[in-house]
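Residue numbers (the working numbering), protein chains in the order written: chain A, 607 to 830; chain B, 172 to 294.
In this text, a Cβ means the ideal position worked out from N, Cα and C, and glycines have one as well.
Below is one structure, written out as structure tokens; comments come after it.
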Amino acid sequence: MRRLVRDNALAMCFLLLFLLSLAGQSVAGTAAYNEDQVAEGGAPVTWLQYVTSSTFAVDVAENWQSEYLQFFLYILITVWLIQRGSPESKESGEEGLESDAEQKIGPFAGSRSPAWAVAGGWRRTLFSHSLGIAMGLIFLLSWLAQSVAGLAAYDEERLARLEDPVGWLGYVTSAEFWNRTLQNWQSEFLAVASMVLLAIFLRERGSPQSKKVGDPHSATASSG
Amino acid sequence: MAARAMAVVCLALIAASCASAEKDPVVSAAERFLSAAGQGQGGPACRLLAPKAARSLDDCEKQIVSVGLRPAAVRGVDVWGDEARVRLDGDTLFLHRFSEGWRIRAAGCAPRPGEPYECEVEA
């Protein structure tokens, strides 16, 4: 049991932080929603009613989609673009999909390689891009969920303000939808750019996200 | 609010049957309100108003029957979460769902291009 926890501590730590944050968001969100409800002459809602509402769903989904977009783009773009001196990047000259030998696929696969890395055809192609596909799909589904939940919350707000509701197409072309979307995207892209650049000159001893403390600033693709 | 979640599920599954179940109590509240107001029954009409809308009138039972509200054919119903709109021939009502049921937040409403509806009675 202790071995299991130790071997999976990183994933478990972040899953626990996720659950605690989501719980905190639901409690704070209920309080904030009820403040608005009472001010507008409506009735306050329970925690259960709030966490099953479109208001909560859109707040959750809009953050999910931007995080998965960030990782999706990062995984894909770092295949083709490098940043000299950054441990987040491959070495100069390694841009692209790399050779089968470098990727240990097909005849170059090892005895412990996954079966679909050994296999040919669509299986190898699919497995070769499975991480990007998974992140991309979760991004698209989260974004779709944001649009559906967002429409419900947006039209509810419009009716409360004595305005006509808009349909899904009206919502996904509205300033509200793109404001919610882009305000999340800009922060993700800034964070990635900061990480790529700061990791050239700054260090965090012991972190695989950092170069070793003594590595030169010019060293690329090393980790400490 | 549970209905707000229900609205999301309805959209996601494109389940038309959900929409009908959502709309019936809204239409019923709107028709009872207009019927009472149209027949000069101020008490029942005011009890179907949202509290804030009722308080917006100095003497609810007298004023609500003098606005000129009348029953009319329903042309469309929209329900989003705890808010609803009922469009009728010559009138539009806005409703809010309270724990005791749907209540009228605004009545005698006319659309204004690019602006919220202008209403004879509103919360």
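Neighbouring residues, chain B, relative to residue i (Cβ below 7 Å)
i, result
"G716 (chain A)", "Here the premise fails: no neighbours, minimum Cβ distance about 44 Å."
"R698 (chain A)", "Note that residue 698 (chain A) is Ser in the sequence shown here, rather than Arg. Those within 7 Å of S698 (chain A) in chain B number zero; the least Cβ separation is about 47 Å."
Check: residue i C-beta below 7 Å from any heavy atom of the ligand ZN
i, result
"A208 (chain B)", "Questions concerning the ligand ZN fall outside what the structure shown contains, since it holds no ligand whatsoever."
Assigned secondary structure, residue i (DSSP; H/G/I helix, E/B strand, else coil)
i, result
"D262 (chain B)", "strand"
"I185 (chain B)", "Low local confidence applies: a pLDDT of 49 at I185 (chain B) is under 50, so the model's placement there is unreliable, with the coordinate-based value given in what follows. Correct three-state label for I185 (chain B): coil."
"D249 (chain B)", "strand"
"R203 (chain B)", "helix"
"L220 (chain B)", "strand"
"R608 (chain A)", "helix"
"V257 (chain B)", "strand"
"P287 (chain B)", "strand"
"P650 (chain A)", "coil"
"P282 (chain B)", "strand"
"R811 (chain A)", "coil"
"V819 (chain A)", "coil"
"L703 (chain A)", "coil"
"R715 (chain A)", "At residue 715 (chain A) the sequence reads Ala, which differs from the Arg that was named. A715 (chain A) falls in the coil class under three-state DSSP."
"K194 (chain B)", "helix"
"L765 (chain A)", "helix"
"S748 (chain A)", "helix"
"E668 (chain A)", "helix"
"E673 (chain A)", "helix"
"S753 (chain A)", "helix"
"S227 (chain B)", "coil"
"S660 (chain A)", "helix"
Residues that residue i contacts on chain B, provided the C-beta gap is smaller than 9 Å
i, result
"R767 (chain A)", "P287"
"E704 (chain A)", "Under the 9 Å cutoff, chain B gives no residues; its nearest Cβ is about 41 Å from E704 (chain A)."
"D613 (chain A)", "Those within 9 Å of D613 (chain A) in chain B number zero; the least Cβ separation is about 38 Å."
First through last residue of the alpha helix (DSSP H) which encompasses residue i
i, result
"D706 (chain A)", "706-709"
"E769 (chain A)", "From DSSP, E769 (chain A) is part of no alpha helix (DSSP H); its letter is neither H nor E."
"F620 (chain A)", "615-645"
"Q234 (chain B)", "231-234"
"V798 (chain A)", "781-807"
"Q655 (chain A)", "653-657"
"G239 (chain B)", "Note, G239 (chain B): premise wrong, no alpha helix (DSSP H); not H, not E."
"A725 (chain A)", "First-last for A725 (chain A): undefined, no H or E at that position."
"L775 (chain A)", "774-778"
Residue i - partner residues in DSSP beta bridges
i, result
"A827 (chain A)", "BP columns for A827 (chain A) are empty, so no partner."
"E293 (chain B)", "B:A277"
"R690 (chain A)", "BP columns for R690 (chain A) are empty, so no partner."
"H735 (chain A)", "In the DSSP output, where bridge partners are listed per residue, H735 (chain A) has none listed."
"G213 (chain B)", "According to DSSP, G213 (chain B) bridges with nothing at all."
"F269 (chain B)", "B:G272"
Proximal chain A residues relative to residue i, where beta-carbon distance stays under 7 Å
i, result
"C290 (chain B)", "L768"
"S199 (chain B)", "Per Cβ cutoff of 7 Å: no residues; S199 (chain B) is ~18 Å from chain A at best."
"R203 (chain B)", "What R203 (chain B) touches in chain A: nothing, since even the nearest Cβ is about 20 Å away."
Under 8 Å from the C-beta of residue i: neighbouring residues of chain B
i, result
"D665 (chain A)", "None at all; the shortest Cβ gap to chain B is about 13 Å."
"E708 (chain A)", "Here the premise fails: no neighbours, minimum Cβ distance about 43 Å."
"S780 (chain A)", "Chain B residues near S780 (chain A): none, gap ~14 Å exceeds 8 Å."
"E668 (chain A)", "The contacting residues do not exist; E668 (chain A) stays about 14 Å from chain B at best."
"S748 (chain A)", "Result: empty, since nearest Cβ-Cβ is about 13 Å, beyond 8 Å."
Under 9 Å from the C-beta of residue i: neighbouring residues of chain A
i, result
"E293 (chain B)", "L768"
Contact residues within the segment 638-652 of chain A, judged by C-beta distance below 7 Å to chain C = Checking the listed chains, one finds no chain C in this structure; the protein chains it contains are A and B.
Contact list for the segment 793-827 of chain A against chain B, Cβ threshold 9 Å | If the cut-off is 9 Å between Cβ atoms, the segment 793-827 of chain A has nothing near chain B.
Give the residues from the segment 236-254 of chain B that approach chain A closer than 9 Å (Cβ to any Cβ), ordered along the chain.
-> When C-beta distances to chain A are compared with 9 Å, the residues of the segment 236-254 of chain B below that value are D249, V250, W251, G252, D253, E254, in chain order.
Going along the segment 209-224 of chain B in order, which residues come within less than 9 Å of chain A, judged by CB to CB distance?
-> Here the close residues are A221, P222, K223, A224.
Within 7 Å of chain A by C-beta, residues of the segment 266-281 of chain B in sequence order = Per Cβ criterion, the list reads H267, F269, S270, A277, C280.
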